[in-house]
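Below: the structure, in structure tokens.
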Amino acid sequence: MVFFSSRLVVGMEISGNVIRLALLRRLRKKDSLEGLIRLEAPSDNIEDVRRTLTDGVRRNGLTGTPAAMILQDPRILHRAFALPKMSQKEIDAVVPFEARKAFGVRRDFRIVYHVHTRYREEGVPKIEVLAAAVPGEIVQNALDLIRAADLVPYYLMSLPFVQSQLPSAALISETEETVAHLHITRMGVDLTVTRGGHFLFSRLIRKEIDFSRFDMTPMSAEPASFENDGMEILSIAEETTGEKDDPFERLCTEINRSFLYVKQQNKESVKRIRLTGEGKRFPNLVEQLQHHLKLPLTVLENLPGLDRPVICTPAAGEEGEYDLCVAVAKTPSIFSTANLLPEEEQLEWKKRSAQRIAKVAYMVTSVLVLFLYVQLSYHVYHDQVEARRLRQGYARVDHRFEGVRRTLQVQSDRLLRRALCRGLTSASIPPEDVLAALALYAPDTVVLKQLVVQGGSRPFFMRLSGRIVLPDYSGGEKELDHFLNQCKKTGLFKTVRGRIGAAADQGESGRVQVASVGRRRIPIEIEGE
């Protein structure tokens, strides 16, 4: 229900005037224990309990923290139902009806249930459902107590439901001394070191233990007590660092090394050992374990009805008797049990969780959009810079091309002049080419129409005729002068002279002669309108 972030939950258990608070860190439906707090009210009066709980919550900075509470009341009815395997929708329809019929309760009782186990009986798949009928008054009193302590109701659970969900875990003692808890099975040892109800070290040593080598005869005497409970573990570890052929001795070596690590990290040695699990049934194993570890060892019984150890705290200071605590460590979540919280409260928490998920999704989406925007902006900017660079490059190329074009134009003019000169002095070039070359230097108002070659190939006489096109002939002489200047610029003529005769005003032809081209004379006839 909670993704991307953890949630701190205060587990509460009230027994008489003793209040136990377990600080649980929830992350992705996994719980880890961060600490235990024990409060003791002056009496078991509800007002004293409420006042003590409120002071403890404020003193430990837990105000506004979600709270989960175990309800222990004889008025809460429990029952297990064995049903054929069915879907959750069918369970939701069948179990409440069967529970109310079995309990015979009134409408003000709240019915909760959850699937405990799934199994097969004679090849038929079945399920075991645990159901509870809780009076509404108990639920309301629990909610009032939680709210009065400045906590937020998060989960209400019944004790049998919690017991059904408790998996294997280490034993926790509220004693202030450093205690090692060994849970021995055939697959190895689950080692947990605690001090004052807080975890210091945890390790799973996987080494198979052959229990057949140990007999089950009773121990000859009670376990001996050691005067030096806090003896140096370092010397013990040094004695056992050598490799042993005996698997049990190698196991003890690993345990001693773990004790050494705890001493180095916490500046305090392990004072005593508490033993649970399958190995406690072999007194000979217990004696050898005590001999190798050289620490006081106490064998503890499991809780009634449970074949596995659970996290618990001592009751009334008597060794071996324990009250159940809501705290669970290194285990799947106990919050998968049925929740006695009212429907509207549960919907509110689901709404909060959905809002948290929506906020996280919004943040992730915003970061993604921002990232894409930055990427697109970078690419657009890069494209703009590239386009600007290309435009500048094209401009430079155009400038160079214009310079080359001008150079080529100058060279072309020179070549045309040379070609015209060769054409006027050589009969091998067609007259049309000479006319076209000379037309390049004529003004727009001069149209050269004809080039006539008179005479033989040697000597020969060339006649060039053209016509001045003027909308108004009043400026004809000026145009003629411009044409003659253009002819001078060609460099082909030694002498250029011309005039328009008096007959030009009457539309008659005037003649202009351009002479002295080498040894030849080339008359140019211009017709005016």
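Under this note's numbering, residues 29 to 557 are what the sequence shown spells out, in order.
Glycine included, every Cβ here is placed at the ideal spot set by N, Cα and C.
Query: Sheet register partners of Leu158 (DSSP bridge); Result: Ala108, His142
Query: Residue environment, Ala177, which counts as buried when at least 16 other CB atoms sit within 10 Å; Result: buried
Query: For Gly305, the three-state DSSP class (helix, strand or coil); Result: strand
Query: Val46: first and last residue of the uninterrupted beta strand (DSSP E) it sits in; Result: 46–55
Query: Helix, strand or coil at Thr206 according to DSSP, with G and I counted as helix; Result: strand
Query: In DSSP terms, what Thr326 is bridged to; Result: Arg302
Query: Those runs of the alpha helix (DSSP H) which lie wholly inside the segment 69–121 and span at least 4 residues; Result: 74–87
Query: Same chain, Cβ closer than 6 Å to Val162, neighbours up to 5 away in sequence not counted; Result: Ile104, Arg138, Leu368
Query: Environment of Ser286 [buried if 16+ CB atoms lie within 10 Å]; Result: buried
Query: Start and end residues, beta strand (DSSP E) containing Leu36; Result: 35–43
Query: Three-state secondary structure (DSSP) of Ile65; Result: strand
Query: Boundaries of the alpha helix (DSSP H) in which Ser286 is found, first to last residue; Result: 275–294
Query: As assigned by DSSP and simplified to three states, the class of Ile385; Result: helix
Query: Contacts around Pro153, its chain only, beta-carbon distance under 6 Å, and the 5 residues preceding and following it disregarded; Result: Lys113
Query: Residues that Tyr147 bridges to, as DSSP identifies them; Result: Lys154
Query: Rounded separation between Glu156 and Ser115 - CA only; Result: 13 Å
Query: Sheet register partners of Phe137 (DSSP bridge); Result: Pro163
Query: 8 Å contact criterion, which Arg107 and Phe131 should meet: CB distance rounded; Result: 7 Å
Query: Three-state secondary structure assigned by DSSP to Pro181; Result: strand
Query: Buried or exposed by the 16-neighbour rule on C-beta atoms within 10 Å, applied to Phe488; Result: Caution applies to Phe488, whose pLDDT of 35 falls short of 50 and renders its modelled position unreliable; the model cannot decide the point.
Query: Residue of Gln374, Gln412, Ala386, Ala423 minimising C-alpha distance to Tyr183; Result: Gln374
Query: Separation of Gly305 from Ile237, as counted between CA atoms; Result: 13 Å
Query: DSSP state of Phe399 mapped onto helix, strand, coil; Result: helix
Query: Residue-chain proximity (Val162, chain B), Cβ-Cβ < 8 Å; Result: Absent from the structure: chain B. Only one protein chain is present.
Query: Candidates Asp83, Ile301, Lys295, Glu296: closest to Val283 by CA position; Result: Looking at the sequence itself, residue 283 is Ile, so the reference to Val does not match. Looking at the Cα atoms, Ile301 is the closest of the given residues.
Query: 8 Å contact criterion, which Pro94 and Arg35 should meet: CB distance rounded; Result: 7 Å
Query: Selection from Leu325, Arg428, Met185 that minimises the alpha carbon distance to Glu41; Result: Met185
Query: As assigned by DSSP and simplified to three states, the class of Asn513; Result: helix
Query: Spatial neighbours of Val85 in its chain, beta-carbon cut-off 7 Å, leaving aside the 5 residues before and after; Result: Thr91, Ala177, Asp178, Leu179
Query: Three-state secondary structure (DSSP) of Asn367; Result: coil
Query: CB contact flag (Ala69, Thr80, <8 Å); Result: yes
Query: Beta carbon of Asp101 nearer than 8 Å to that of Ile166; Result: yes
Query: Coil, strand or helix - Gly132 by DSSP; Result: coil
Query: Test item: CB-CB of Ala96 and Val140 under 8 Å; Result: no
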